Structure formats: C-alpha cells, structure tokens
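Protein chains: 4
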Amino acid sequence: MYDKCVKLLEERGVSLDDIVDLVLYLQGKYHPEILKDEILLSVQSVIAKREVQHAILTGLMIDKIAESEIDMDPQLRAILLADESLYGIDEVLAYGICNLYGSIALTNYGFIDREKPGILEKINQHGSQCNVFLDDIVGAIAASAASKIAHHHGK
Amino acid sequence: MYDKCVKLLEERGVSLDDIVDLVLYLQGKYHPEILKDEILLSVQSVIAKREVQHAILTGLMIDKIAESEIDMDPQLRAILLADESLYGIDEVLAYGICNLYGSIALTNYGFIDREKPGILEKINQHGSQCNVFLDDIVGAIAASAASKIAHHHGK
Amino acid sequence: MYDKCVKLLEERGVSLDDIVDLVLYLQGKYHPEILKDEILLSVQSVIAKREVQHAILTGLMIDKIAESEIDMDPQLRAILLADESLYGIDEVLAYGICNLYGSIALTNYGFIDREKPGILEKINQHGSQCNVFLDDIVGAIAASAASKIAHHHGK
Amino acid sequence: MYDKCVKLLEERGVSLDDIVDLVLYLQGKYHPEILKDEILLSVQSVIAKREVQHAILTGLMIDKIAESEIDMDPQLRAILLADESLYGIDEVLAYGICNLYGSIALTNYGFIDREKPGILEKINQHGSQCNVFLDDIVGAIAASAASKIAHHHGK
C-alpha cells in the first residue's frame, strides 16, 4: 500500500522531495544541521502509517471524482471545484493525520496551510485538476514529519 | 442544503425519528422529562450546520461510490465493502462533527459507536448497501444533539 | 519521568494492573488469546510517551490542588470537587492522549468513560480525594493501549 | 463567570482589545470592511461559552501556580517556566476551544501560534510571569472569533 500511495501522490503532482522541502521550510530554522536524508526517512515513516494511507486513498479519490464526469451531487461538485474555503472536510482529514503526531504537527499544519509554501502554492494553481484534498493531505504529512523531527531532536 | 441532507439520509435508510431515538437512548436516563419535540429540534439544528451538511454529502457519496461500479482503487473498495474496523476515516469525519459540540458529544459518540443501538444496528446489517460512513455520521449527529441537550439542561 | 508517572498513578490509587484489566475489558472480546504480559507492554509503551507523561503530571496536579487548601478560584474548585459533568477540560486532556493512537482509541475511550468498569468505578467513589482528571487519564491510557493492540492484531 | 474571565485575562496582561487586534490580523485581509465593534462581539461570544471559560480558569491557574512558591513537581515546574516547546498540554487546551469553531479556527490558531503577532509576542517576553497557557488560550479565542466571522461573512 505504501508504494501505491507514493505513486498516487506523484500522479497528482507531488513527489517525496516536494514534501521534504516543506519539512525543511517548517523545521530548517530550528535544526539547520538536519540532512535531507533524515527528513526523507521521517516523511516515509509517516506515509507508512495505515491511517495516513487511508486518508491519501480516500481524499485523492474524492478529488478525482470531482474533476471527472462521474455523477455526484452538483452542489458538492461546485464546492470542490471552487475549493470553497468554508468546506472543511479536507482539513478534517488532515487533522486525522496530524493528531497522530501530537500538537506540534497541528500547529505546523495550520501554519503551512495559511502560508502555502513551495509545492502547496503550485498545487493551488492547478488548472482543471481538483486538489481540494491533495494540498491538505500533503501539508499534514509534512507537518507530521516535522513534528517527529522536533520530538527526536528536542525541538 | 438542509432538505437535501435529510432526504439523503432517508434514502440511505435513516429518518430524523431514528436519530431522535438514538438521542433518547443517550440522554433519556439523565432527562426522563424531555419531550421528543425538543430532541427533534436539537437534531435539526445539528443538521442545519454547514460543516455537518458537508460531512453528510461527502461521506454518503463515498458509501455510494463504493457500492457502485464506478472505478476506484480495488483495495480501498474491499476495505469499505468489508467495513474493516481499522479503516478510520469514517470516524475522523464523525469527530469533525462531534468536536463542534464539545467533549460530551465525543464521549457519547464513542459509546454509541460501540453499543450500536437502534438504527445503528440495522444499518450494520445492510446487505449490499455500503454504510461505512452512514453509521458514523448518524451516530455523530445523535451524539451532538445529545450534547446540546445536556448543556442546555445542565447535565 | 516514566517511573515518576507510574508512582504518581499508584499514589492516587491506580496500578498498572488496574489499567491492564481495563484493556482486557475493551479488547478481550476481540482477542481472547491475548496474554496479560502483552497488554502490560502496551500500557507501558503508552505511559512512556512524553505527551502522556505531561498529561499525567498536569492533570493529577490539578486534582491535588483542588482537594488541598491551596488558594484557587472558588467556582473552579466547586466544579472540580463536585466533578460537574459539564466541565470538560479533563476529557480534552484525555483526547490529547487518545488522538495519538487514532480513532479506535477515541471510541474506546468514549465507551469506557460511560461504562466506568473496574478501577474507573472505584475512582468515582473516592471520598475526599478529587479524581476529576485521574479517571479520564486512566481511561485514555487504557483506550490507547487497546488501540495499539487492535492495530497490531488486525482488528 | 464571563466577567471573571475577562478580568482574569486583563490581570495577566491581555485586554479584549488585544484579542480584537489578533482577529483583525487574521481576517482583515479577507474582510477589510469589518468593523472593530463586530469583531468585539464575536470575541465576547467566544468567551461567553462555558467550555472556553473552563479553559481560561484552568489554564491560567496552572500558569499562576507555576510562577508561585506552591509545591509542585519540580520537573513540571521547570518545563513550564522554560516554556519548553515539547510540552503540548497548552496546545491541547487551545484545540479544545478551536474545535468548537470548526476547521478554520484550527488553521488560524496554528498560524497565529507560529507567527506570534501583537499581544502574543508581548506575552512571550514576560519576565517572571509564566504565560505557558495564556498565549495559547488567547490565540485560540482569537482564532475562534475569526472563524465565526469567516463563516458569517462567507469566507
């Protein structure tokens, strides 16, 4: 399932390297000595978690259905295609990931979700692709990996 | 949107009356004097909330896609059709509802999710219908309405 | 810090064995083959987590201050000594623990918090000791250990 | 209880006006037309909520005990006086507030907790006063008020 999730993220436009860069954005200030290899291991361990894989599979399925011709509630489709900020189920899924990694993951996610650095900005200029869940899930994975590193290095 | 959500729940087999009965199951012990009409108002006010409506539309869409022929990840479909207990995205959505109503809603939901009284038991013997999200969303609405009543009546 | 937390729980009336029994109550039905030794390891690993230790130290400090003569807001003291059900900060701390162990931990906690089996019932008949935070923290540790076992054993 | 909470916040160095400014920082970009009076009403309605009042009373009590001579676990006191970033019970209490106001409140809180604008920066240069819980509670109240405004104004 791990390989499938990584491949799925890549198909939607996000590589593990992109996520590593987000973690660097979050933690680089506190831990300038950290190597990309260590961060990559942390990102991989987050994606290896069952709950995270379920969130990836479920969230990206919704994104793909919204952008397809598959029959769905027209109001929900309109909300998703417009990425309406009052729709919060994507954030709810993201918290489901962050919660597993403690309070530092949650504040990191809130921060990155407002700042939209790196790949998160690109994802938000997506043309016809629907990325409502993608950006929150990617942000949550990065925030969780950053929290792991903070706990390991003593913040 | 409210009417659509109520209709959608009914199409999937859950009436407002069923949810009222769940609230009675949760709060009747503490408030034997409460009238069904008051509980109904509380249930309706929960469903009137935007975040709750988004959870209903999104969760029930996933249930319907899983039971349809629409192309989706076969592993995710197998998990959903088997209602695997280690899949927790349905609970994550339910917490997204309960969190809005405070800690009493969360413990009520956890309790009802294990006990499966009334309509929740029926939903779980569903034949070919996929009710992975339905039962958690219904349980969360009932738990939230019960929490509202508890706060209002001082218990 | 681990040893201190275990000792603190014992001073307040809860042994590791009591928590093991709660986990058995939660998971015994699903995993009758599980040995107490395995459960004990799971409980110990939960208490070894930094966030859990912080919750224990902080929550039990509040209980002890409430029952002492130390100056505190009289309204808050009255709420704590009466263990008013609308006070939910104890549950908030408990969710802070359960969230780290996923959605199964949260539903288990909600269930156990309503049923109050074993040591949780004893804690609630405490005489002059204030156990507002103790019972929720103990329930959360048991629910988290049960969730670990469920994930490990595939249920 | 409302008046007591406002007074308590003021005694610790935070006025309602300071919180209004935090909300402006969070929402001003999206709603430049909003009047301070409307924001003030939103802040007041958050503080009028029972769960929020309990969080204020409990959190600020811990801050005050930490800075006092009252006997407490020396390790916990050291953590609090140093405002160690790996101590997350203050954030857990803040989430207990934000959760009541939906996902926008949570991301706003995460953002403000990293950026520390206005009064939050001042609180963090506190001299001998212990503000571990104060800054998170104030940030959570502001983030919740901002979420209310966002939902009301349609962003």
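Chains as they are written, first to last, in this note's numbering: chain A, 524 to 678; chain B, 524 to 678; chain C, 524 to 678; chain D, 524 to 678. Backbone N, C-alpha and C define an ideal beta-carbon position, used for all residues, glycine too. On a predicted model such as this, the values are computed, not experimentally measured, just so you know.
Query - CB contact flag (residue 546 of chain D, residue 665 of chain D, <8 Å) - result: Position 23 of the fourth sequence, counted from the start, is the residue given in the question as residue 546 of chain D. Position 142 of the fourth sequence, counted from the start, is the residue given in the question as residue 665 of chain D. Contact: yes.
Report task. Determine, using beta carbons only, whether residue 629 of chain B comes closer than 8 Å to chain C. Result -> Position 106 of the second sequence holds residue 629 of chain B. Interface criterion met: the Cβ of residue 629 of chain B is under 8 Å from a Cβ in chain C.
**Report entry** Short Cβ contact (8 Å threshold) for residue 524 of chain C with residue 598 of chain D
**Finding:** As a position in the third sequence, residue 524 of chain C is number 1, starting the count at 1. As a position in the fourth sequence, residue 598 of chain D is number 75, starting the count at 1. Going by C-beta atoms, residue 524 of chain C is nearer than 8 Å to residue 598 of chain D.
Query raised in the report: Where in the region 540–582 of chain C do unbroken runs of the alpha helix (DSSP H), each at least 4 residues long, occur, reported from the N-terminal end onward?
Result: If you keep only unbroken alpha helix (DSSP H) runs of at least 4 residues inside the region 540–582 of chain C, you get 559–570.
Query raised in the report: Less than 8 Å separating the beta-carbons of residue 617 of chain D and residue 659 of chain D?
Result: Here residue 617 of chain D corresponds to residue number 94 of the fourth sequence, with the count starting at 1. Here residue 659 of chain D corresponds to residue number 136 of the fourth sequence, with the count starting at 1. Going by beta carbons, residue 617 of chain D and residue 659 of chain D fall inside the 8 Å limit.
**Report entry** Residues of the region 596–615 of chain D whose Cβ lies closer than 7 Å to any Cβ of chain A, in chain order
**Finding:** Answer set for the region 596–615 of chain D: 608, 609, 611, 614 and 615.
Requested in this report: Can you grab the Cα-Cα spacing for the pair residue 560 of chain D / residue 672 of chain D, in whole Å?
Outcome: The residue you call residue 560 of chain D lines up with position 37 of the fourth sequence. The residue you call residue 672 of chain D lines up with position 149 of the fourth sequence. Residue 560 of chain D and residue 672 of chain D have their alpha carbons spaced roughly 12 Å apart.
Report task. Check whether the Cβ atoms of residue 629 of chain B and residue 646 of chain B lie closer than 8 Å to each other. Result -> Counting from one through the second sequence, the residue named residue 629 of chain B turns up at place 106. Counting from one through the second sequence, the residue named residue 646 of chain B turns up at place 123. With contacts defined as CB atoms closer than 8 Å, residue 629 of chain B and residue 646 of chain B fail to qualify as a contacting pair.
Report task. Label residue 650 of chain A either buried or exposed according to how many other C-beta atoms from any shown protein chain fall within 10 Å of its C-beta, with 16 as the threshold for buried. Result -> Walking along the first sequence from the start, residue 650 of chain A turns up at place 127. Only exposed fits residue 650 of chain A, as fewer than 16 other CB atoms lie within 10 angstroms of its CB.
Query - Where the region 561–587 of chain B meets chain A: residues whose CB sits under 8 Å from a CB there - result: So the close ones are 573, 574, 577, 578, 580, 581, 584 and 585.
Report task. Answer with yes or no whether the minimum CB distance from residue 618 of chain A to chain D is below 8 Å. Result -> Mapped onto the first sequence, residue 618 of chain A falls at position 95. Yes, its Cβ sits closer than 8 Å to a Cβ of chain D.
Query raised in the report: Quick one: which chain B residues come within Cβ less than 8 Å of residue 674 of chain D?
Result: Reading the fourth sequence from its first residue, position 151 is the one you call residue 674 of chain D. Under the 8 Å cutoff, chain B gives 573.
**Report entry** residue 639 of chain A, enclosing alpha helix (DSSP H) - first and last residue
**Finding:** Taking the first residue of the first sequence as 1, we reach residue 639 of chain A at position 116. Annotation for residue 639 of chain A: no alpha helix (DSSP H) segment contains it, and DSSP assigns it neither H nor E.
Query raised in the report: Just to confirm, are residue 563 of chain D and residue 539 of chain D a CB contact at a threshold of 8 Å?
Result: Reading the fourth sequence from its first residue, position 40 is the one you call residue 563 of chain D. Reading the fourth sequence from its first residue, position 16 is the one you call residue 539 of chain D. Against a cut-off of 8 Å, the Cβ pair of residue 539 of chain D and residue 563 of chain D comes out as a contact.
Query raised in the report: To the nearest whole angstrom, what separates the beta carbons of residue 497 of chain C and residue 655 of chain C, a pair I think is in contact under 8 Å?
Result: Nothing about residue 497 of chain C can be read from this structure; chain C reaches only from 524 to 678.
Query raised in the report: Since residue 593 of chain B meets chain A, which of its residues come closer than 7 Å, beta carbon to beta carbon?
Result: Along the second sequence, read from residue 1 onward, the residue named residue 593 of chain B stands at position 70. What residue 593 of chain B touches in chain A, judged by beta-carbon distance under 7 Å, is 593, going in chain order.
Query raised in the report: Hey, does residue 677 of chain C have any beta-carbon neighbour from chain A nearer than 8 Å?
Result: Locating residue 677 of chain C in the third sequence gives position 154, counting from the first residue. Judged by the 8 Å Cβ criterion, residue 677 of chain C is not in contact with chain A.
Requested in this report: Measure from the C-beta of residue 623 of chain D to each C-beta in chain B and report whether the shortest distance is under 8 Å.
Outcome: Taking the first residue of the fourth sequence as 1, we reach residue 623 of chain D at position 100. Yes, contact with chain B.
Report task. Measure how close the beta-carbons of residue 573 of chain D and residue 609 of chain C come, nearest whole angstrom, since I'm counting them as under 8 Å. Result -> On the fourth sequence, residue 573 of chain D is found 50 positions in, with the first residue counted as 1. On the third sequence, residue 609 of chain C is found 86 positions in, with the first residue counted as 1. With a Cβ gap of about 6 Å, residue 573 of chain D and residue 609 of chain C count as contacting.
Requested in this report: Within 10 angstroms of the Cβ of residue 558 of chain D, are there 16 or more other Cβ atoms? Answer buried if so, exposed if not.
Outcome: Locating residue 558 of chain D in the fourth sequence gives position 35, counting from the first residue. Classification for residue 558 of chain D: exposed.
**Report entry** Candidates C/668, C/641 and C/591, of which the one nearest residue 536 of chain C by Cα
**Finding:** Here residue 536 of chain C corresponds to residue number 13 of the third sequence, with the count starting at 1. When only C-alpha atoms are compared, the closest one is C/641.
Report task. From the DSSP output, in three-state form, read off residue 654 of chain A for me. Result -> Counting from one through the first sequence, the residue named residue 654 of chain A turns up at place 131. Residue state, collapsed to three classes: coil.
Query raised in the report: DSSP on residue 598 of chain C, reduced to helix/strand/coil?
Result: To locate residue 598 of chain C, count along the third sequence from 1; it is residue 75. Three-state result, residue 598 of chain C: helix.
**Report entry** Extent of the continuous alpha helix (DSSP H) run through residue 620 of chain D
**Finding:** On the fourth sequence, residue 620 of chain D is found 97 positions in, with the first residue counted as 1. 612–621 is the span of the alpha helix (DSSP H), which, as asked, contains residue 620 of chain D.
**Report entry** Pair within 8 Å by beta-carbon distance, residue 668 of chain C and residue 632 of chain C
**Finding:** Start at 1 with the first residue of the third sequence, and residue 668 of chain C comes out as number 145. Start at 1 with the first residue of the third sequence, and residue 632 of chain C comes out as number 109. In this structure, residue 632 of chain C does not lie closer than 8 Å to residue 668 of chain C by Cβ.
Query - Beta-carbon separation (whole angstroms), residue 602 of chain D vs residue 670 of chain D, contact threshold 8 Å - result: Position 79 of the fourth sequence, counted from the first residue, corresponds to residue 602 of chain D. Position 147 of the fourth sequence, counted from the first residue, corresponds to residue 670 of chain D. Actually they are not in contact, since the Cβ atoms of residue 602 of chain D and residue 670 of chain D sit about 30 Å apart, beyond 8 Å.
Query raised in the report: From residue 529 of chain D to residue 544 of chain D, what distance separates their C-alpha atoms?
Result: In the fourth sequence, the residue the question calls residue 529 of chain D occupies position 6. In the fourth sequence, the residue the question calls residue 544 of chain D occupies position 21. Taking the straight line from one Cα to the other gives about 16 Å.
Report task. Kindly list the residues whose CB is nearer than 8 Å to the CB of residue 635 of chain C, restricted to its own chain and excluding five residues on each side of it in sequence; keep chain order. Result -> As a working note, residue 635 of chain C is residue 112 in the third sequence. The beta carbon of residue 635 of chain C is closer than 8 Å to those of 545, 548, 549, 643, 662, 665 and 666 in its chain, skipping five residues each way along the sequence.
Query raised in the report: Excluding the five sequence neighbours on either side, which residues of its own chain have a C-beta within less than 7 Å of the C-beta of residue 639 of chain C, listed in chain order?
Result: Numbered from its first residue, the third sequence carries residue 639 of chain C at position 116. Only 647 meet the Cβ criterion.
**Report entry** Backbone secondary structure at residue 670 of chain B - three-state DSSP
**Finding:** In the second sequence, counting from the first residue as 1, residue 670 of chain B sits at position 147. Looking at residue 670 of chain B - three-state DSSP - the assignment turns out to be helix.
Query raised in the report: In the structure shown, what three-state DSSP assignment does residue 586 of chain D receive?
Result: For the purposes of this step, residue 586 of chain D is taken as the residue at position 63 of the fourth sequence. Residue 586 of chain D falls in the helix class under three-state DSSP.
Requested in this report: Kindly give me the distance between the Cβ atoms of residue 625 of chain D and residue 583 of chain B, rounded to whole angstroms, as I take these residues to be in contact under 8 Å.
Outcome: Start at 1 with the first residue of the fourth sequence, and residue 625 of chain D comes out as number 102. Start at 1 with the first residue of the second sequence, and residue 583 of chain B comes out as number 60. That belief does not hold up - the Cβ atoms of residue 625 of chain D and residue 583 of chain B are roughly 20 Å apart, past 8 Å.
Report task. Look at residue 578 of chain D and residue 620 of chain D and say whether their C-beta atoms are less than 8 Å apart. Result -> Taking the fourth sequence and counting its residues from 1, one reaches residue 578 of chain D at position 55. Taking the fourth sequence and counting its residues from 1, one reaches residue 620 of chain D at position 97. Contact: yes.
Requested in this report: Can you grab the Cα-Cα spacing for the pair residue 743 of chain B / residue 542 of chain A, in whole Å?
Outcome: Limits of chain B in this structure are 524 at one end and 678 at the other, which puts residue 743 of chain B out of reach.
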